[in-house]
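Asker: The listed protein sequences derive, respectively, from chains W and H. Under our numbering, the first residue of the first sequence is numbered 3, with each subsequent residue one higher. Under our numbering, the first residue of the second sequence is numbered 3, with each subsequent residue one higher. All C-beta atoms, glycine included, are put in the ideal place defined by N, C-alpha and C.
Protein chains: 2
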Amino acid sequence: MTTYDVAVIGGTGPQGKGLAYRWARHGHRVVLGSRSAERAQQAAAEITARVPDASVSGAVNADAVAGADVVVLAVPYDGHDDLVAALAEQLAGKVVISCVNPLGFDKQGAYGLDVPGGSAAETAAALVPSARLVGAFHHVSAVTLWREEGYLDHEDVLVCGDDADAKAVAIELARAVTSRDGVDAGRLRIARQLEPWTAVLISINKRYKTRSGTAISGLPH
Amino acid sequence: MTTYDVAVIGGTGPQGKGLAYRWARHGHRVVLGSRSAERAQQAAAEITARVPDASVSGAVNADAVAGADVVVLAVPYDGHDDLVAALAEQLAGKVVISCVNPLGFDKQGAYGLDVPGGSAAETAAALVPSARLVGAFHHVSAVTLWREEGYLDHEDVLVCGDDADAKAVAIELARAVTSRDGVDAGRLRIARQLEPWTAVLISINKRYKTRSGTAISGLPH
């Protein structure tokens, strides 16, 4: 297993903190990034309280990104483009994994937003052309990641991207979450399908009062 | 179990014929619809050869629809709008299940097309406002439906629609395919996610040389 230096931008939010917890527990070195270094350090302390030997710290976003091999964007879509543009210099050349779900909510429930660049992941790639963008981890429940202990081994992490090596990093990082490799779902533009699929799961959750996940059948697990 | 009179428009294509075979085997009365009555009857004969006591016949589309409670649109997206418009009179008031996948293909593989009406299912609903539109059965492999015998019990049929009773019909018809109820995935507009999801599965199939399917975890199966 390769151990990565992972910066989780949006690391104080439920999705980012949940993923960071899983990676820290799996031996990766994690820095949580936030607009506020204090809030990032606080969230890091929450993880350390649960995983005493974890390598977890908190920093402002730019500092978190600067020291990382792999940057995970676990931020709301609202403000995403500005945030990526502001970090463009630090993101250059890095593996960047976007977990961003551009969703809207109305009386009928969740729905996929129209994204001018096709998907959040493609938008980030256009903003930082040298970054090696991957889309992954869109569908895992933040609540389950953080509150439960076990692997999410009934679901799959779907990974898309145009850079095979960058994609391999996300495929490996999935092991900390589902206990198995992520599933290579193809080119970066497949993020147009992966991102709004979260609306389907939210809709199922509401109807069945559950936390649903997506599994791919027909693979040699 | 309720037994339905099901018309499968596009019943000579691989997806339509595969679904018709499963429903006929499960005791539903099926009429395959095609532009050519002869081709429809030929496909019906192929099903009868495999399921001798099945109630299966073939007819031109308008006749097939006229005698059915439930109409399944298993046609290519190319030409879909004209076909639905031409059958508007016969479709009025009926349960109409759209399995249509608006996909394009290029060097990078399959991708979801921009659909002016949001999705094929919503477009059909707009063309025939009194029809009770449901989106379902987008993801089941045509090859597996027709060539294999067993239930596709490692995957789920996702069902969306705005008419609860119509949705219940599709949820029940899923049993003939997966051995269990379809999954209620919410409102009709969720078809915007269900239809192009097929591009993800095609992409995974290419990468892993398999026939993948989608299963939802976290449900009480």
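1. Fully enclosed by the stretch 64 to 125 of chain W, which alpha helix (DSSP H) runs are 4 residues long or longer?
2. Taking the alpha-carbon of Asp183/W as reference, which of Arg189/W, Ala170/W and Val10/W has the nearest alpha-carbon?
3. Tell me where the beta strand (DSSP E) around Ile11/H begins and ends.
4. Are Val72/H and Val98/H closer than 9 Å when you measure CB to CB?
5. State yes or no: is the C-beta of Gly188/W within less than 9 Å of the C-beta of His141/W?
6. Which two residues bound the contiguous beta strand (DSSP E) that contains Val136/W?
7. Helix, strand or coil: which one does DSSP assign to Asp186/H?
8. Cβ atoms of Ala45/W and Leu34/W: under 9 Å apart, would you say?
9. State the DSSP-derived secondary structure class of Ala56/W, mapped to helix, strand or coil.
10. Which residues of chain H have a Cβ atom closer than 8 Å to the Cβ of Gln195/W, listed in chain order?
11. Here's a check: name, in chain order, each residue in its chain whose Cβ is nearer than 8 Å to the Cβ of Ile204/W, leaving out the five neighbours to either side.
12. Could one say the Cβ of Ala167/W lies closer than 9 Å to chain H's Cβ atoms, at least one of them?
13. Buried or exposed, going by whether 16 or more other CB atoms sit within 10 Å of the CB of Arg37/W?
14. Where does Gly215/H sit, in a helix, a strand or coil, going by DSSP?
15. Would Arg24/H be called buried (16 or more neighbouring beta carbons within 10 Å of its own) or exposed?
16. Quick one: is His156/H near chain W, going by C-beta distance under 9 Å?
17. Using CA atoms only, rank isn't needed, just tell me which of Gly163/W, Ala61/W and Ser121/W is closest to Ala39/W.
18. Asp160/H bridges to which residues according to DSSP?
19. Less than 7 Å between C-beta atoms, sequence neighbours within five positions excluded: which residues of the same chain meet that for Asp186/W?
20. In angstroms with no decimal places, state the Cα-to-Cα distance between Asp7/W and Lys211/H.
21. Below 8 Å on the Cβ atoms is my contact criterion, and I expect Gly137/W with Leu93/W to pass it. Report the Cβ-Cβ distance as a whole number of Å.
22. Taking the alpha-carbon positions, what's the Ala193/W to Ala122/H distance?
23. Per the DSSP calculation, Leu154/W is bridged to which residue(s)?
24. Could you tell me if Gly152/W is buried or exposed, where buried requires 16 or more neighbouring beta carbons within 10 angstroms of its beta carbon?
25. When you compare only the Cα positions, how much space is there between Ala176/H and His28/H?
26. Cβ of Ala46/H less than 9 Å from any chain W Cβ?
27. Since I believe Ala201/W is in contact with Gly119/W (beta carbons under 8 Å), could you give me their beta-carbon distance rounded to a whole number of angstroms?
28. Interface residues of chain W around Val185/H at Cβ under 7 Å?
29. Identify the contact partners of Ala217/H in chain W, using a Cβ-Cβ distance below 7 Å as the criterion.
30. What residues from chain H crowd round Thr14/W, counting only those whose CB sits closer than 7 Å?
31. State yes or no: is the beta carbon of Tyr79/H nearer than 9 Å to at least one beta carbon in chain W?
32. For Ala126/H and Gly12/H, what's the separation of their Cα atoms in angstroms?
33. Let's test the definition: count the other Cβ atoms within 10 Å of the Cβ of Ala133/H and tell me whether it reaches 16, buried, or not, exposed.
34. Where does Ala61/W fall in DSSP's three states?
35. With 16 as the cutoff for other CB atoms within 10 Å, does Thr5/W come out buried or exposed?
36. Short check: CB of Gly163/H to CB of Val74/H, under 9 Å?
Answerer: Here's the rundown:
1. Runs of the alpha helix (DSSP H) lying entirely within the stretch 64 to 125 of chain W and spanning at least 4 residues, in chain order: 82 to 88 and 90 to 93.
2. For the residues Arg189/W, Ala170/W and Val10/W, the minimum Cα distance to Asp183/W belongs to Ala170/W.
3. Ile11/H -> beta strand (DSSP E) spans Asp7 to Ile11.
4. Contact: yes.
5. Not closer than 9 Å, so no.
6. Counting along the chain, Val136/W sits inside the beta strand (DSSP E) bounded by residues Arg134 to Gly137.
7. In the structure shown, Asp186/H adopts extended strand secondary structure according to DSSP, grouped into three states.
8. With contacts defined as CB atoms closer than 9 Å, Leu34/W and Ala45/W qualify as a contacting pair.
9. DSSP places Ala56/W in coil when its eight states are reduced to three.
10. From the beta-carbon of Gln195/W, the residues of chain H found nearer than 8 Å are Gly114, Gln195, Pro198, Trp199, Ala201 and Val202.
11. Leaving aside the five residues that flank Ile204/W on each side, the residues in its chain whose CB is nearer than 8 Å to its CB run, in chain order, Leu105, Gly111 and Ala112.
12. Position check: residue 167/W holds Asp in this sequence, whereas Ala was assumed. Chain H, which has no Cβ nearer than 9 Å to the Cβ of Asp167/W, makes this no.
13. When all chains shown are included, Arg37/W counts as exposed.
14. Under the three-state reduction of DSSP, Gly215/H is assigned to strand.
15. Label assigned to Arg24/H: buried.
16. Yes, contact with chain W.
17. Per the Cα distances, Ala61/W.
18. For the record, residue 160/H in the displayed sequence is Leu; it is not Asp. Here Leu160/H is bridged, per DSSP, to Val185/H.
19. Counting only Cβ-Cβ distances below 7 Å, and skipping sequence neighbours, we find Val161, Lys169 and Ile173.
20. Cα to Cα, Asp7/W sits roughly 33 Å from Lys211/H.
21. That pair is no contact at about 15 Å.
22. So the two alpha carbons sit approximately 20 Å from each other.
23. Leu154/W is bridged by DSSP to nothing; it lacks a bridge partner.
24. With fewer than 16 other Cβ atoms within 10 Å, it is exposed.
25. Distance between Ala176/H and His28/H, taken at the CA atoms: about 11 Å.
26. By this cut-off, Ala46/H is not an interface position.
27. Distance from Gly119/W to Ala201/W at the Cβ level is roughly 18 Å; contact not present, criterion being Cβ atoms closer than 8 Å.
28. Proximity of chain W to Val185/H at the Cβ level (cut-off 7 Å) is accounted for by Ile206, in chain order.
29. Under the 7 Å cutoff, chain W gives Ala217 and Ser219.
30. Simply none; closest approach about 26 Å.
31. Not one chain W Cβ lies under 9 Å of Tyr79/H.
32. Rounded to the nearest angstrom, the two C-alpha atoms are 15 Å apart.
33. Ala133/H is buried by the Cβ-count criterion.
34. For Ala61/W, the secondary structure class from DSSP, reduced to helix, strand or coil, is strand.
35. Exposed is the call here.
36. It is not a contact, given that the beta carbons lie outside the stated cut-off.
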